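Protein sequence lines, in the order shown, are assigned to chains H and L. Take 19 as the starting number for the first sequence in our numbering and just add one per residue. Take 4 as the starting number for the second sequence in our numbering and just add one per residue. Built from N, CA and C at the ideal position, the CB exists for glycine as well. Source: prediction; values computed, not measured. To start, the structure itself, in structure tokens.
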Amino acid sequence: MPEQTHASRAPGVTFIFKKALISALVALVLFSLMIGIRTEAGPSGQLIYWTRFGDLASMVAIVFGGSIIVELLRQWLGPADTIRIVPQRLQQGLAIAGRLVAPLLLIFTFLVPVIFYDQRYILDLGILVLTYVMLGWGLNVVVGLAGLLDLGYVAFYAVGAYSYALLATNFGLSFWVCLPLAGILAAFWGMLLGFPVLRLRGDYLAIVTLAFGEIIRLVIINWQSLTGGPNGVSGIPRPTLFGIPLTPADDGLAARLGIEFSPTHRIVFLFYIILAMALLTNWVTIRLRRLPIGRAWEALREDEVACRALGINTTTTKLTAFATGAMFGGFAGAFFATRQGFISPESFTFQESALVLAIVVLGGMGSQLGVALAALTMIGGFELFRGFDQYRMLVFGVAMVLLMIWRPRGLIGHRAPTVFLKRAQAISSDLVKEGHG
Amino acid sequence: MSTENILFVDHLTMRFGGIVAVHDLSLTAERRKITALIGPNGAGKTTVFNCITGFYRPSGGTMRLTHDDGREVRLERLNDFRIAKQAKVARTFQNIRLFPGMTALENLMVAQHNALMLASGLTFLGLIGAPSWRSAEKRAIDQAKFWLDRIGLFDRADDAAGNLPYGDQRRLEIARAMCTEPALLCLDEPAAGLNARESAELSALLLAIRSQHGTSILLIEHDMSVVMEISDHVVVMDYGVKIAEGTPQEVRDDPKVIAAYLGADEQEAIAVMESGT
């Protein structure tokens, strides 16, 4: 009986009670000013305030009760007990289901434009989710594989977007010519960032990358003659299908195929472009993991000193990780520019970096499927709650806390080996290092 | 003589601020022989190791390594990873430094990084799955399999290195160093924490590495039974200077060594030295 197994391990009632009491006390201190006292400017400008002790009491009570529930749930569903409670057959079923998730998700993604052809909103959301999946996979190379904490990833997204926007509007180059150029330029900037931060680790690395992201944004805002400053770049050309534009014009795709023009054609086209780009990112990353460079990245995350003792050039290894991650960011940026048709520095704030990093961390660092699932939940879930505008952040916060409790290493925390003799065994997240610089 | 010795350390000095960890130390390591570096705690043995393997840049002195083909490498001029890559000096660590989240096999594959990097055409050939890369990878796996078999971990190849028992981790670290195909293998206390049976296995492994692979070994060790059994030459350090050297037998009978090891208490020193026989 499961009840008996955890009853023997469970800490006593007093422990739970004490913990709940402490949480309630913290909540009381925090909420007493935020909720307990309401201030407002009066009719003649003076400050008036009134107290809301009833609301305060209910909030503290919620925290108290919630803390007890969380603690109880934690004992019943905690990671240590999962294996014991969940029956063997269910576990096997889950394992099979787990293997099917990725292919099913892929098939579904391919069919999205077919199923939701009439629903522009879903298609747009799908494009958005896929963009973040690609960004997440790109950052995963740097953070998940090489273990280098990068808080300025949006800089490469911006470099890619502006590379395409400026090359296309100034020189009239097409999207397909600019796409590799945007990737190369972003990779170049990744290397430039890489050099000064090679000697930094952990917190210091994070701060410098954060600053780098801001520097790129500030340069874009202030270099008005080139980038148009805060006004951004508009009139960015749309992508073409081998030179055939997707417009209602006479030489457009619809006219050539002899079908009626619909603006949805372009959306579907964009959907498949970003899907192909994301899958390319995924394929390259999976390939790289099995190549010496990918193994060196992971070894670097595990133990840098040992890498040096084995004759691995840690400098170039780190630089290639930065450059590879940045290149995918640049590709995604170029796509973003061609999809929007207009870009401005506002799209490349720190919040974007934080969001992409959150996707990678929530997904489980290093796990491709985990990152995709996290992007789907974060971006898709965020949109789902658009109706409940006020509670969106609240739900988001609660979800984060729950995830921290049950899945501290992300949705898919274990690591799959890159090579095996007999059987590929998943490696527990307890053994895998997060990297420290 | 130059072809007889693989490593010449001349007048090596290492200072950390005002502290002189190693002072004017000269030693040689013979080719295809096992040279042991022993001494009490804090004698500066690991500092010498860190200088030889490029983790420290020595304050003074020279270190020359001559390869089988007569090529001579000045170790103090190389740094960091280049010692392992160009001079072919591999090392293990006092506190084991495996890649715990990677499997035993992966650990051995990482060790072959430089050779595989070339074979994969700096990743580009590998990315498109060129046949030359595939065969190179297969050879690397065979090499790893050979060493896994050698250290008796073939059945645990797919287990995470961090999950292996302590003694297995020690042997895996040695196998990983050997996968870099070193000319000189530096082992920092390989027998630390091993039980008597594991120590005996380790001795056998090191002797086999020396005789079958022709790798020269330099080791730091506290376990006198291992040192006395396998060493061809022993160098004794104390307070950063060399106080004695010679065959295990000579060193064991040296009164200076006995005094250094246990200060004034000669009886106890003799007891320790005797335990090694």
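For L/Thr-49, the enclosing alpha helix (DSSP H) has its first and last residue at 48-55. Counting along the chain, H/Gly-381 sits inside the alpha helix (DSSP H) bounded by residues 368-381.
By the C-beta density criterion, L/Gln-172 is buried, having at least 16 other C-beta atoms within 10 angstroms. Assigned with DSSP and collapsed to three states, H/Phe-400 falls in helix. Within the stretch 323-345 of chain H, contact with chain L at the beta-carbon level (separation under 7 Å) is assigned to Val-323, Ala-324, Arg-326, Ala-327, Leu-328, Gly-329, Ile-330, Asn-331 and Thr-332.
At least one CB atom of chain H sits nearer than 9 Å to the CB of L/Gln-115. At least one beta carbon of chain H lies nearer than 9 Å to the beta carbon of L/Ile-86. Note that the stretch 28-38 of chain L touches the stretch 213-222 of chain L; at least 3 beta-carbon pairs, one per stretch, sit closer than 8 Å. For H/Pro-131, the closest C-alpha among the options H/Phe-287, H/Arg-307, H/Val-151 and H/Leu-203 is that of H/Phe-287. Rounded to the nearest whole angstrom, the CA to CA distance from H/Ser-85 to H/Lys-37 is 7 Å. The beta carbon of H/Leu-297 sits no closer than 9 Å to any beta carbon of chain L. Residue environment analysis places H/Gln-106 among the exposed positions, since fewer than 16 neighbouring C-beta atoms fall within 10 angstroms of its C-beta. Partner residues in the beta bridge of L/Phe-11, as assigned by DSSP, are L/Thr-31 and L/Arg-67. Where L/His-236 is concerned, the enclosing beta strand (DSSP E) starts and stops at 236-241.
Counting C-beta pairs closer than 8 Å gives three or more between the stretch 287-302 of chain H and the stretch 143-159 of chain H, which meets the contact rule. A straight-line Cα-Cα distance of about 29 Å links H/Val-47 and H/Ala-376. For H/Ile-34, the enclosing alpha helix (DSSP H) has its first and last residue at 31-49. Of all residues in the stretch 59-76 of chain L, none is placed with a Cβ closer than 8 Å to any Cβ belonging to chain H. Distance from the Cα of H/Met-209 is smallest, within the candidate group H/Phe-71, H/Pro-310, H/Gly-162 and H/Ala-341, for H/Ala-341. Per the Cβ contact rule, the stretch 362-370 of chain H is not in contact with the stretch 405-417 of chain H (fewer than 3 Cβ pairs under 8 Å).
Between the stretch 45-59 of chain L and the stretch 439-446 of chain H, the count of Cβ pairs shorter than 8 Å is below three; the stretches do not touch.
For L/Lys-88, no beta strand (DSSP E) encloses it; the enclosing alpha helix (DSSP H) starts and ends at 84-88. Under DSSP, H/Cys-196 takes part in no beta bridge, so it has no partner. Below the 8 Å Cβ cutoff, chain H contributes Asp-321, Val-323, Ala-324 and Ala-327 as neighbours of L/Arg-100, in chain order. A direct Cα-Cα distance of roughly 12 Å separates H/Gln-242 from H/Ser-362.
Apart from sequence neighbours up to five positions away, the residues of its chain that approach H/Phe-279 with a beta-carbon distance below 6 Å are Pro-266 and Ala-272, ordered along the chain. For the pair of segments examined, the stretch 389-399 of chain H was found not to touch the stretch 54-73 of chain L: the number of CB pairs separated by less than 8 Å stays below three. H/Arg-307 and H/Leu-169 have their C-alpha atoms spaced approximately 23 Å apart. In this structure, H/Ile-225 sits away from H/Ala-176, with a CB-CB distance that is not shorter than 9 Å. In this structure, L/Ser-135 sits away from H/Ile-311, with a CB-CB distance that is not shorter than 9 Å. With respect to L/Thr-95, L/Asp-161 sits apart: the two C-beta atoms are not nearer than 9 Å. With a cutoff of 9 Å on beta-carbon distance, H/Gly-329 and L/His-116 are scored as near each other. Separation of the CB atoms of L/Asp-241 and L/Ala-263 is rounded to 4 Å, and the pair is thereby assigned contact status at 8 Å. Counting along the chain, H/Tyr-67 sits inside the beta strand (DSSP E) bounded by residues 65-69. Only exposed fits H/Gln-110, as fewer than 16 other CB atoms lie within 10 angstroms of its CB. For L/Lys-91, the number of other beta carbons within 10 angstroms of its own is at least 16, and it is reported as buried.
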